[in-house]
Amino acid sequence: MGAAGVARLHGLFAAYKPPGLHWKHLRDTVELQLLKGLNARKPPAPQQRVRFLLGPVEGSEEKELTLTATSVPSLTNHPLVRGPAFTSLKIGMGHRLDVQASGVVVLGVGQGCSLLTDMYHAHLTKDYTVLGLLGKATDDFREDGRLVERTTYDHVTREKLDRILTVIQGSHQKALVTYSHLDLQTQEAYEMAVKGLIRPMNKSPMLVTGIRCLRFAPPEFLLEVQCMNETQKQLRSLVHEIGLALKTTAVCSHVRRTRDGCFTLDDALLRTQWNLNSIQDAIQAAAPRVAAELEKNLRLQLGTQQLQGPGWQGDNEGPSPALEGRTAGGAAVDKGQSCA
1 MGAAGVARLH
11 GLFAAYKPPG
21 LHWKHLRDTV
31 ELQLLKGLNA
41 RKPPAPQQRV
51 RFLLGPVEGS
61 EEKELTLTAT
71 SVPSLTNHPL
81 VRGPAFTSLK
91 IGMGHRLDVQ
101 ASGVVVLGVG
111 QGCSLLTDMY
121 HAHLTKDYTV
131 LGLLGKATDD
141 FREDGRLVER
151 TTYDHVTREK
161 LDRILTVIQG
171 SHQKALVTYS
181 HLDLQTQEAY
191 EMAVKGLIRP
201 MNKSPMLVTG
211 IRCLRFAPPE
221 FLLEVQCMNE
231 TQKQLRSLVH
241 EIGLALKTTA
251 VCSHVRRTRD
261 GCFTLDDALL
271 RTQWNLNSIQ
281 DAIQAAAPRV
291 AAELEKNLRL
301 QLGTQQLQGP
311 GWQGDNEGPS
321 PALEGRTAGG
331 AAVDKGQSCA
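Residue numbers (full-length UniProt numbering): 1 to 340.
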């Protein structure tokens, strides 16, 4: 089971991170459970070897000794002698979630770490549900942060909120076209824009491709956000900015990721499922979808390069320093993935 078990672990799978759990602890726990599963297999029967043992000669009354060829087990490969067969695994973490956030996180095992890099450069969109609370402002935009201000919100209606969300989505879609370096005068680029297939070519701030209100029950409101190149702090800052646009204040009480690329909540393994068999099955089930997603994105990247505007000359320096890695609220971007 050892070599075969490791062979079935190369790939990607999704896990569900509960709030309050650090992503490093999640990764270390997964590695520990995988090592336990790989090392828990029953050891093979020890090989036999011939040894010459000193013993009395049968039928001799004078207690003579002689060497007798005897087959004895070889303990060289016994776990108590050699130690565990597996002591470490290469586990990579995709788009991370901070301690307060929850939801889908993608992990790579072995050769799957290279797929994490491909997913990062693919600029795949992610879905979040963000719970906002009207009427107060804090220093870190979180509900449990240090209170800065309290405001009234009786004037806020669902129609006003929807209007603000439409403005936000429109401005971000315009920024997405800018960072994609596409010439929308071409028919192919226009069709990509209509289908929502445009991706930024290089680094960009958080870009919202879709946002809508799922529930409005003042002081609470629940948003569904599709975005890329985001951090959870930027999403909380977005809630704060929505509150200001509504002429009140708002804080974020919860951020939950419901989709990361082709992985959804249905694919995410719960804490009780972080074991060898469940992770092996999840990796094998996700492999065809991951391959199809990356292949589609590769075609889109090649098509985008052919449709770039005539003024674009391979912007290797990324966006301007004033915009690089920051939102309108000034929050820094941290989009890297970890592979240990």
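Where a beta carbon is used, it is the ideal one built from N, C-alpha and C, also for glycine. This one's a predicted model, so the numbers in the text were calculated from it and none came from an experiment.
Self-check item: Backbone secondary structure at TYR153 - three-state DSSP
Solution: coil
Quiz prompt | 9 Å Cβ cutoff met for LEU35 and LEU107 | solution = no
Self-check item: Buried versus exposed call for GLY112 [16 or more other C-beta atoms within 10 Å across all chains shown]
Solution: buried
Quiz item: Would the stretch 117 to 127 and the stretch 23 to 38 be scored as touching if the rule is three or more Cβ pairs under 8 Å?
Solution: no
Exercise. Would you check if the stretch 69 to 86 and the stretch 39 to 59 touch, i.e. whether three or more CB-CB distances between them fall below 8 Å?
Key: Yes, since at least three Cβ pairs between the stretch 39 to 59 and the stretch 69 to 86 fall closer than 8 Å, the two stretches touch.
Self-check item: Proximity of THR129 and LEU223 at Cβ, strictly below 9 Å
Solution: Yes; because the gap between Cβ atoms is below 9 Å, this pair is in contact.
Exercise. Provide the residue span of the beta strand (DSSP E) that contains GLN48, from first to last.
Key: 48 to 56
Quiz prompt | When GLY83, LEU67, SER114, PHE141 are compared against GLN100, the one with the closest alpha-carbon | solution = PHE141
Quiz item: Would you call residue 409 buried or exposed, if buried means 16 or more other Cβ atoms sit within 10 Å of its Cβ?
Solution: Past the edges of the chain, shown from 1 to 340, lies residue 409, and the structure says nothing about it.
Practice problem: Please name the residue in TYR16, VAL251, THR29 whose C-alpha comes closest to that of LEU147. | Solution: VAL251
Exercise. Assign LEU54 to one of two classes, buried (16 or more other C-beta atoms within 10 Å of its C-beta) or exposed (fewer than that).
Key: exposed
Quiz item: Do GLY37 and LEU276 come within 9 Å of each other at the CB atom, strictly closer than that value?
Solution: yes
Quiz item: Three or more beta-carbon pairs under 8 Å between the stretch 206 to 218 and the stretch 159 to 170, yes or no?
Solution: Taking 8 Å as the limit for Cβ pairs, the verdict is that the stretch 159 to 170 does touch the stretch 206 to 218.
Exercise. For my contact list, THR249 and GLU149 are in at a C-beta cut-off of 8 Å; report their separation, rounded to the angstrom.
Key: 6 Å
Quiz item: Just curious, the beta strand (DSSP E) that HIS254 is in, first and last residue?
Solution: That run of the beta strand (DSSP E) goes 250 to 260.
Quiz item: Are the Cβ atoms of TYR16 and VAL104 separated by less than 9 Å?
Solution: yes
Quiz item: Taking Cβ positions, are LEU244 and MET228 nearer each other than 9 Å?
Solution: no
Practice problem: Taking the CB atoms as reference points, tell me whether SER278 and GLY132 lie closer together than 9 Å. | Solution: no
Quiz item: Is there at least one Cβ from chain D nearer than 9 Å to GLU58's Cβ?
Solution: No chain D is present in this structure, which holds just one protein chain.
Quiz prompt | Inter-residue Cα distance where the pair is SER88 and GLU31 | solution = 8 Å
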